[in-house]
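Numbering (this note's numbering), first residue to last: 387 to 748.
Glycine included, every Cβ here is placed at the ideal spot set by N, Cα and C.
Model, not experiment: these values are computed from the prediction.
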Ligand SMILES: Cc1cc2nc3c(=O)[nH]c(=O)nc-3n(C[C@H](O)[C@H](O)[C@H](O)COP(=O)(O)OP(=O)(O)OC[C@H]3O[C@@H](n4cnc5c(N)ncnc54)[C@H](O)[C@@H]3O)c2cc1C
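Encoded structure:
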């Protein structure tokens with residue numbers, strides 16, 4: 387396999403492009419819009435599961451490996467692109483967890499560092515809060531810009547505003563991808579189209595269950611240092627950037643492919659933010675945005691070769707944690723595509739068959 391065509395230039399597409407290019411392949415990324423402007427741009431940049439004790443081992447394995455790899459990636463991207471993705475360990479407070487004792491026990495058993503809230507956050511709430519000091523964050527737009535620049539300087543070809551409209555199979559191979567400007571050919575094709583991956587693959591008959599789940603965020607500008615770390619309480623969170631911006635997120639909505647922001651979400655997020663940190667009432671509300679997560683059952687992505695087409699691959703469905711998992715998902719993909727040695731067991735991310743109607747019944 388000498389060349390790879392990647393459909394979708396979000397965090398998963400760009401990171402895999404860089405990995406495959408560094409492994410010696412000719413790599414081209416097509417994106418139907420500008421690259422790095424969908425879910426990967428819209429995310430909050432928390433590099434952790436929100437309540438890791440609520441997820442199964444397959445979700446935790448990718449998140450844990452991703453967290454381990456992120457410091458190296460952040461340094462690599464800063465050095466190769468000159469753009470600082472603002473990776474920094476900042477810690478995360480979980481206020482009033484429903485299952486405090488079980489959560490603590492899980493952290494101890496899994497080796498996740500955990501302490502009481504630091505003094506700088508002690509005014510917030512509750513003696514039963516959990517502080518995870520090793521949680522880090524990155525600033526998504528900068529991270530994506532750094533990845534794009536690193537990929538370009540490694541020799542990855544990027545073609546924006548070009549959607550892959552149809553995958554063209556013949557026998558056991560994909561022979562091309564249809565676009566508005568003609569059919570594109572490559573030895574292998576990787577689908578990293580985020581929330582759109584399911585619909586792009588559907589005509590081939592084995593589409594993984596990936597569907598859009600909208601998330602909205604409100605951005606404040608406050609004084610730098612108002613909040614030292616991420617704070618999570620009952621479904622919502624605040625994420626402080628070093629320059630004083632604070633993100634209040636996020637909603638989880640089934641709204642199809644509609645990225646409109648809504649007054650209801652704004653109200654929900656403002657209620658949460660003001661309730662948690664009343665000083666935010668004095669802060670400027672800069673903007674509100676929405677993104678479409680690639681939702682998948684159990685938050686388990688599909689990272690595998692197509693069951694019938696030997697040169698078609700997918701890496702998608704990371705749902706709420708695509709940024710956290712991206713370096714680990716890239717390793718799994720490299721294992722599947724090139725046989726590269728990985729650390730994570732790849733079996734849980736196998737292409738789950740969704741047989742076409744009428745197939746397979748006796
Ligand atoms: C509000 C919100 C908060 C979040 N917070 C966090 C967080 O704190 N931490 C975390 O780890 N994750 C978070 N996430 C989730 C994370 O952002 C996603 O899981 C991740 O960005 C998915 O990346 P992706 O590359 O798979 O998809 P995307 O970033 O959506 O990229 C897919 C790309 O494919 C392109 N595309 C689509 N169809 C086609 C086609 N037919 N042909 C060519 N290109 C196509 C799109 O234009 C897009 O650029 C959050 C998401 C949202 C919305």
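Quick one: residues in its chain with C-beta nearer than 6 Å to the C-beta of residue 634, no 5 flanking neighbours on either side, listed in chain order?
-> Along the chain shown, one-based indexing puts residue 634 at 248. Excluding residues within five positions, the ones whose Cβ falls inside 6 Å are 604, 624, 655, 659.
Residue 714 and residue 448 closer than 8 Å at C-beta | As a first step, residue 714 must be located in the chain shown, where it is residue number 328. As a first step, residue 448 must be located in the chain shown, where it is residue number 62. Yes, the Cβ-Cβ distance between residue 714 and residue 448 is below 8 Å.
How long is the line joining the alpha carbons of residue 673 and residue 644, rounded to whole angstroms?
-> Within the chain shown, residue 673 is the residue found at index 287, counting from 1. Within the chain shown, residue 644 is the residue found at index 258, counting from 1. If you take the alpha carbons of residue 673 and residue 644, they lie about 18 Å apart.
Under 8 Å, do residue 601 and residue 428 count as touching if we go by C-beta distance?
-> Residue mapping note: residue 601 aligns to position 215 of the chain shown, counting from 1. Residue mapping note: residue 428 aligns to position 42 of the chain shown, counting from 1. Yes, the Cβ-Cβ distance between residue 601 and residue 428 is below 8 Å.
If you draw a straight line from the alpha carbon of residue 677 to that of residue 424, how long is it in whole angstroms?
-> The residue labelled residue 677 in the question sits at position 291 within the chain shown. The residue labelled residue 424 in the question sits at position 38 within the chain shown. Computed Cα separation, rounded: 6 Å.
How many Å lie between residue 709 and residue 551 at the Cα?
-> Counting from 1 along the chain shown, the entry for residue 709 is found at position 323. Counting from 1 along the chain shown, the entry for residue 551 is found at position 165. Distance between the alpha carbons of residue 709 and residue 551 is about 26 Å.
Among 422, 593, 452, 490, which one has its Cα closest to the Cα of residue 526?
-> The residue you call residue 526 lines up with position 140 of the chain shown. When only C-alpha atoms are compared, the closest one is 422.
Cβ-Cβ distance between residue 408 and residue 540 below 8 Å | For this step, residue 408 is matched to residue 22 along the chain shown. For this step, residue 540 is matched to residue 154 along the chain shown. Contact flag set, yes.
Mind pulling the beta strand (DSSP E) runs of 3 or more residues that sit fully within the segment 404-441?
-> 412-416
Where does residue 558 land, buried or exposed, given buried means 16+ other C-beta within 10 angstroms?
-> Here the question's residue 558 lines up with position 172 in the chain shown. Burial call: exposed.
Every unbroken beta strand (DSSP E) inside the segment 518-569 [3 residues or more] | 543-545, 552-556, 559-565
So what does DSSP say about residue 500, is it helix, strand or coil?
-> Mapped onto the chain shown, residue 500 falls at position 114. Three-state DSSP puts residue 500 in coil, outside helix and strand.
Same chain, Cβ closer than 8 Å to residue 728, neighbours up to 5 away in sequence not counted | Your numbering for residue 728 matches position 342 in the chain shown. 717, 718, 720, 721, listed in sequence order.
What number of angstroms, rounded off, separates the C-alpha of residue 585 from the C-alpha of residue 594?
-> As a first step, residue 585 must be located in the chain shown, where it is residue number 199. As a first step, residue 594 must be located in the chain shown, where it is residue number 208. Straight-line Cα distance between these residues: approximately 9 Å.
Check whether the Cβ atoms of residue 682 and residue 705 sit closer than 8 Å, and answer yes or no.
-> As a position in the chain shown, residue 682 is number 296, starting the count at 1. As a position in the chain shown, residue 705 is number 319, starting the count at 1. The answer is yes: Cβ separation under 8 Å.
So, are the CB atoms of residue 581 and residue 555 less than 8 Å apart?
-> The residue given as residue 581 occupies position 195 in the chain shown. The residue given as residue 555 occupies position 169 in the chain shown. Cβ distance not < 8 Å, so residue 581 and residue 555 don't count as in contact.
Residues in its own chain within less than 6 Å of residue 549 by CB, not counting five upstream and five downstream?
-> In the chain shown, counting from the first residue as 1, residue 549 sits at position 163. Only 418 meet the Cβ criterion.
Would you mind stating whether residue 694 and residue 631 have Cβ atoms separated by less than 8 Å?
-> Translated into positions along the chain shown, residue 694 becomes position 308. Translated into positions along the chain shown, residue 631 becomes position 245. Result no, Cβ atoms of residue 694 and residue 631 do not sit closer than 8 Å.
Excluding the five sequence neighbours on either side, which residues of its own chain have a C-beta within less than 7 Å of the C-beta of residue 519, listed in chain order?
-> In the chain shown, the residue the question calls residue 519 occupies position 133. Same-chain partners within the cutoff: 477, 499, 501.
Have a look at residue 737 and residue 573 and give me their C-alpha separation to the nearest angstrom.
-> Counting from one through the chain shown, the residue named residue 737 turns up at place 351. Counting from one through the chain shown, the residue named residue 573 turns up at place 187. Between residue 737 and residue 573, the C-alpha separation is close to 20 Å.
Delimiting residues of the alpha helix (DSSP H) encompassing residue 650 = Translated into the one-based positions of the chain shown, residue 650 becomes position 264. Note, residue 650: alpha helix (DSSP H), 649-662.
Rounded straight-line distance, which links the Cα of residue 507 to that of residue 726 | Taking the first residue of the chain shown as 1, we reach residue 726 at position 340. Taking the first residue of the chain shown as 1, we reach residue 507 at position 121. Their backbone Cα atoms lie some 44 Å apart in a straight line.
Under a three-way DSSP split, which group does residue 732 fall into?
-> In the chain shown, the residue the question calls residue 732 occupies position 346. Residue 732: coil per DSSP, three-state reduction.
Quick check: the segment 433-450 against the segment 479-491, are there 3 or more CB pairs under 8 Å?
-> yes
State the DSSP-derived secondary structure class of residue 390, mapped to helix, strand or coil.
-> Translated into positions along the chain shown, residue 390 becomes position 4. Looking at residue 390 - three-state DSSP - the assignment turns out to be strand.
Spatial neighbours of residue 562 in its chain, beta-carbon cut-off 7 Å, leaving aside the 5 residues before and after | Numbered from its first residue, the chain shown carries residue 562 at position 176. So the qualifying residues of the chain are 554, 569, 570, 571.
CA-CA distance, residue 743 and residue 533?
-> Taking the chain shown and counting its residues from 1, the one referred to as residue 743 is at position 357. Taking the chain shown and counting its residues from 1, the one referred to as residue 533 is at position 147. Model confidence at residue 743 stands at a pLDDT of 41, short of 50, so the residue's coordinates are unreliable and nothing is read from them.
Below 8 Å CB to CB, which residues in the same chain sit around residue 730 once its five sequence neighbours on both sides are set aside?
-> Mapped onto the chain shown, residue 730 falls at position 344. Within the same chain, residue 730 has close Cβ partners 447, 448, 451, 714, 717, 718.
How long is the line joining the alpha carbons of residue 395 and residue 547, rounded to whole angstroms?
-> By one-based count along the chain shown, residue 395 stands at place 9. By one-based count along the chain shown, residue 547 stands at place 161. Computed Cα separation, rounded: 11 Å.
Per DSSP, which residues does residue 481 bridge with? Please list them.
-> Working through the chain shown from its first residue, we reach residue 481 at position 95. According to DSSP, residue 481 bridges with 619.
Rounded straight-line distance, which links the Cα of residue 470 to that of residue 661 | As a position in the chain shown, residue 661 is number 275, starting the count at 1. As a position in the chain shown, residue 470 is number 84, starting the count at 1. So the alpha carbons of these two residues sit roughly 32 Å apart.
Under the rule that 16 or more other beta-carbon atoms within 10 Å means buried, what is residue 496, buried or exposed?
-> Position 110 of the chain shown, counting from 1, holds the residue named residue 496. It counts as exposed.
Beta-carbon proximity check, residue 524 vs residue 466, cutoff 8 Å = Along the chain shown, read from residue 1 onward, the residue named residue 524 stands at position 138. Along the chain shown, read from residue 1 onward, the residue named residue 466 stands at position 80. Against a cut-off of 8 Å, the Cβ pair of residue 466 and residue 524 comes out as no contact.
Looking only at its own chain, which residues have a Cβ that is under 6 Å from the Cβ of residue 521, when we skip the five neighbours before and after it?
-> Translated into the one-based positions of the chain shown, residue 521 becomes position 135. So the qualifying residues of the chain are 434, 477, 478.
Straight-line Cα distance separating residue 616 from residue 664 | Here residue 664 corresponds to residue number 278 of the chain shown, with the count starting at 1. Here residue 616 corresponds to residue number 230 of the chain shown, with the count starting at 1. About 16 Å.
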